[in-house]
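Report on the structure given below.
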Amino acid sequence: MKADFNTHLIEEGEGVYDYSQPVNLSDIAYGGFGEQWNMVLNNLNQSKVFFDALSLVEGLITTSVISFNNYLDTNPENTAHHEFEIGIYSVTIDFDGTNLKYVLDYTGTLPVLGEQQSQIYLSYNTATLEKECRIQLGSANVVKYIISEDSYRFAVKYLGVRVAYFEVLRDAENNVEGTIVEYVTLGEGVSLHRSAAQFHIDDDYVSVVGNKTDSLPVSYGYINELYSTDTGLLQGYEVRKALSETVDYNTMWFNLNSTSGINSIKRVERANGINPHTVFVNDADTAFATKNVGGIGLKTLSRRYDIEFKTQYLYRYDSEQKMFVEVASEVPMLFVQQENLNTLNQDINNQNNYLNFSLLVSKTVRNKIISDHESLIDIFISSSDEQTIDSIYLFIADPYAFTE
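Numbering-wise, the sequence shown is residues 1302 to 1705 according to the numbering used here.
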C-alpha cells in the first residue's frame, strides 16, 4: 500500500470504547485492518525481531568482509574459503566462483528473546542475482527469505508455536500477487490450526481473500477484503458461508462511518434474535430494527441486514520496545446480504422510520467487492493446500553447515 502507516496508528488507550453509553461514530477509529490483511502484517511485524538481530551485527559483517578482502590479498593461491574469529563471533566466508556465502555463528543477548545461540547465513548468486538470508535465534525462532528480481519469499518459525510461509510476485505491469499460509503448532509436525490468504495489489485496490478468523472455526467460511491502495483504508468485505451444499450466505460488510443518517451507537449486552447484542442508534428509545429475507426458501428467516460489532486491528508504537503493538478494536459494522443490497436504504428506513439512512460506498467499490468475491474465493479454495506445514519446514531447513 502507498499509504502512510500513520493512518492505522493510535495512541495507548485508544481503540477501546464503552458502548453501554452512546458513542459518536466520529469518535471511533475506523482505520483498522480486517483479519485477512492483518495476518499478513502480523507475520511481517513478528519477523522484525530477526532483522533487529541482523542490524546488531551489521558493523561486524562490514569488518569481517574487510578481513576477508585482506585474506584474499595475502593468500592468492587459496581464495575460496576462509574461517576466522572476531570476539564471540565465528565467521565463515566462501566463494565458489558463482555463490558468495557468509555464515556468522555466535551466542549473545537479543532484544525480546534474551540470550540465544544464533546463526546468520547470507548468500548471493552472482549469476542470477538471487539473495538468500537465514537467521536462527535459538531453537525456536527462524526466518529464511529469498529475494529475486521479481519475487520475495520468506518463511518464519516464531517462538516454536507459529509457522508461516509468505510469497510475493510482481508482474510486468508492477501488479503484485502474494500468498501467506500460517500454522499454529504444538511443535514441529503437530499442527493445531491453519489459516491462509492470497492478495492482489494494483494501482487502485488491495484485494485479500482468506479463511483467517480468530472468533470462529475456519469452516465458518471465506472472506474477501478490499482496501484502497492510496489510503490503505478498508473499503468493505464479503463473507461466503455455506448454508447447505447448494446455498451460500454472501454477506457484505461496511464500516458504519461509510453511511449517512446514523451518528451514534449504543449496545445492550442482550441478544436480539441472532444478533448477540441489542443495538440502539441516534439515542433512540427503540432498538435498531432489521428485516428478514422473507419469501419461501432456506434463507426465509435470515436477516437482510443488521449492525454487529466486529474486530479490526490497529497499531500503536511502543517506543521502549521499539516495535509496533497490535490493538484489537471492536467497531460497529453494517452487513447486508448481497441479494438485498439494492433495497438496503429503503429496507432500513422503512423498518426505522426515525432514520434517513443511506449507504455511501460507491457503486464502483461495491461492484469490485462482489467481483472479487465471485472470482477470487474459488481460486483460493483450489490452491489453498499447495503449502503444507512439512513443505514450510523443508523451506526453512536446518542451520547452514559447509561440507567438504
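Backbone N, C-alpha and C fix where the C-beta goes; we use that ideal spot for every residue, glycine too.
task: Please report the Cβ distance between Q1499 and F1681, rounded to the nearest whole angstrom; I am assuming they are in contact, meaning their Cβ atoms lie under 8 Å.
output: Residue numbering aside, residue 1499 sits at position 198 when the sequence shown is read from its first letter. Residue numbering aside, residue 1681 sits at position 380 when the sequence shown is read from its first letter. Right, the Cβ-Cβ distance comes to about 5 Å (below 8 Å), so this counts as a contact.
message: I'd like the list of long-range same chain contacts for M1553, defined as Cβ closer than 7 Å, with 5 residues on each side in sequence excluded.
response: The sequence position of residue 1553 within the sequence shown is 252, counting from 1. If we look at M1553 and ignore the five residues flanking it on each side, its Cβ neighbours are G1537, E1539, F1636, V1637, Q1639, L1642, I1670.
- request: Could you tell me how far apart the beta carbons of W1338 and Y1618 are, in whole angstroms, since I believe they sit closer than 8 Å?
  value: Translated into the one-based positions of the sequence shown, residue 1338 becomes position 37. Translated into the one-based positions of the sequence shown, residue 1618 becomes position 317. W1338 to Y1618, Cβ: 19 Å. No contact.
message: So for I1502, helix, strand or coil by DSSP?
response: Locating residue 1502 in the sequence shown gives position 201, where the first residue counts as 1. I1502 falls in the strand class under three-state DSSP.
Runs of beta strand (DSSP E) wholly within the region 1533-1606 (minimum 3 residues, chain order): 1535-1543, 1549-1556, 1565-1569, 1579-1582
query: What does P1633 pair with, by DSSP beta-bridge criteria?
result: Against the sequence shown, residue 1633 aligns to sequence position 332. Its beta-bridge partners are F1610.
- prompt: Rounded to a whole number of angstroms, what is the C-alpha to C-alpha distance between N1558 and F1396?
  reply: Taking the sequence shown and counting its residues from 1, one reaches residue 1558 at position 257. Taking the sequence shown and counting its residues from 1, one reaches residue 1396 at position 95. Roughly 58 Å separates the two Cα atoms.
message: Short of 7 Å in beta carbon distance, which residues of its chain neighbour L1382, apart from the five on each side in sequence? Order them along the chain.
response: Along the sequence shown, one-based indexing puts residue 1382 at 81. Rather than Leu, the amino acid found at residue 1382 in this sequence is His. So the qualifying residues of the chain are D1395.
- prompt: When the Cα atoms are used, what is the spatial distance from E1431 to K1402?
  reply: Translated into the one-based positions of the sequence shown, residue 1431 becomes position 130. Translated into the one-based positions of the sequence shown, residue 1402 becomes position 101. Straight-line Cα distance between these residues: approximately 12 Å.
Whole-angstrom distance between E1384 and T1408, CA atom to CA atom: The sequence position of residue 1408 within the sequence shown is 107, counting from 1. The sequence position of residue 1384 within the sequence shown is 83, counting from 1. Near 17 Å, if we compare the C-alpha coordinates of E1384 and T1408.
- request: Report, in whole angstroms, the separation of the C-beta atoms of A1441 and L1460, which I expect to be a contact under 8 Å.
  value: Numbered from its first residue, the sequence shown carries residue 1441 at position 140. Numbered from its first residue, the sequence shown carries residue 1460 at position 159. That belief holds up - the Cβ atoms of A1441 and L1460 are roughly 5 Å apart, short of 8 Å.
field: Among Q1418, Q1322, P1323, G1332, nearest to E1315 - alpha-carbon criterion
entry: Taking the first residue of the sequence shown as position 1, residue 1315 is located at position 14. Comparing Cα-Cα distances from E1315 to each of Q1418, Q1322, P1323, G1332, the minimum goes to G1332.
query: Does the separation of the CB atoms of S1692 and Y1466 fall below 9 Å?
result: The count along the sequence shown starts at 1 and reaches residue 1692 at position 391. The count along the sequence shown starts at 1 and reaches residue 1466 at position 165. For S1692 and Y1466, yes; Cβs fall inside 9 Å.
message: Can you confirm whether the region 1673-1690 touches the region 1497-1512 when touching is taken to mean that 3 or more C-beta pairs between the two stretches lie within less than 8 Å?
response: yes
task: Assign R1568 to one of two classes, buried (16 or more other C-beta atoms within 10 Å of its C-beta) or exposed (fewer than that).
output: Here residue 1568 refers to the residue found at position 267 when the sequence shown is read from its first residue. Classification of R1568: buried, given that the 10 Å Cβ count is 16 or more.
- prompt: Which two residues bound the contiguous beta strand (DSSP E) that contains I1394?
  reply: As a position in the sequence shown, residue 1394 is number 93, starting the count at 1. From DSSP, the beta strand (DSSP E) with I1394 extends over 1390-1396.
query: Contact between the region 1595-1612 and the region 1565-1579: three or more CB pairs below 8 Å?
result: yes
query: What residues in its chain sit with their C-beta under 7 Å from that of L1342, if we drop five residues either side in the sequence?
result: Your numbering for residue 1342 matches position 41 in the sequence shown. Closer than 7 Å at Cβ, skipping near neighbours: F1334.
message: Starting from N1442, trace the alpha helix (DSSP H) in both directions and tell me its first and last residue.
response: Walking along the sequence shown from the start, residue 1442 turns up at place 141. Unbroken run through N1442 is the beta strand (DSSP E), 1442-1448; no alpha helix (DSSP H).
query: How far does the alpha helix (DSSP H) with L1695 in it reach, from first residue to last?
result: Your numbering for residue 1695 matches position 394 in the sequence shown. First-last of the alpha helix (DSSP H) with L1695: 1690-1697.
- request: Would you kindly report the start and end of the unbroken alpha helix (DSSP H) that includes E1468?
  value: Residue 1468 sits at position 167 when you count from the first residue of the sequence shown. Where E1468 is concerned, there is no enclosing alpha helix (DSSP H), although the beta strand (DSSP E) it sits in stretches over 1463-1471.
query: Taking just the CA atoms, how far does P1633 sit from S1561?
result: Residue 1561 sits at position 260 when you count from the first residue of the sequence shown. Residue 1633 sits at position 332 when you count from the first residue of the sequence shown. Looking at the two C-alpha atoms, the distance is approximately 14 Å.
query: Apart from the five residues on each side of it in sequence, which residues of its chain come closer than 6 Å, Cβ to Cβ, to C1434?
result: Position 133 of the sequence shown, counted from the start, is the residue given in the question as residue 1434. Excluding positions up to five away in sequence, the list reads L1423, Y1446.
task: Starting from the Cα of S1452, find the closest Cα among K1623, N1476, L1677 and give me that residue.
output: By one-based count along the sequence shown, residue 1452 stands at place 151. Comparing Cα positions, the closest option is N1476.
message: The beta strand (DSSP E) that contains V1666, what's its start and end?
response: In the sequence shown, the residue the question calls residue 1666 occupies position 365. Element bounds for V1666: not the beta strand (DSSP E) but the alpha helix (DSSP H), 1664-1684.
query: Can the beta-carbon of E1526 be found less than 9 Å from the beta-carbon of L1535?
result: Walking along the sequence shown from the start, residue 1526 turns up at place 225. Walking along the sequence shown from the start, residue 1535 turns up at place 234. Cβ atoms of E1526 and L1535: closer than 9 Å.
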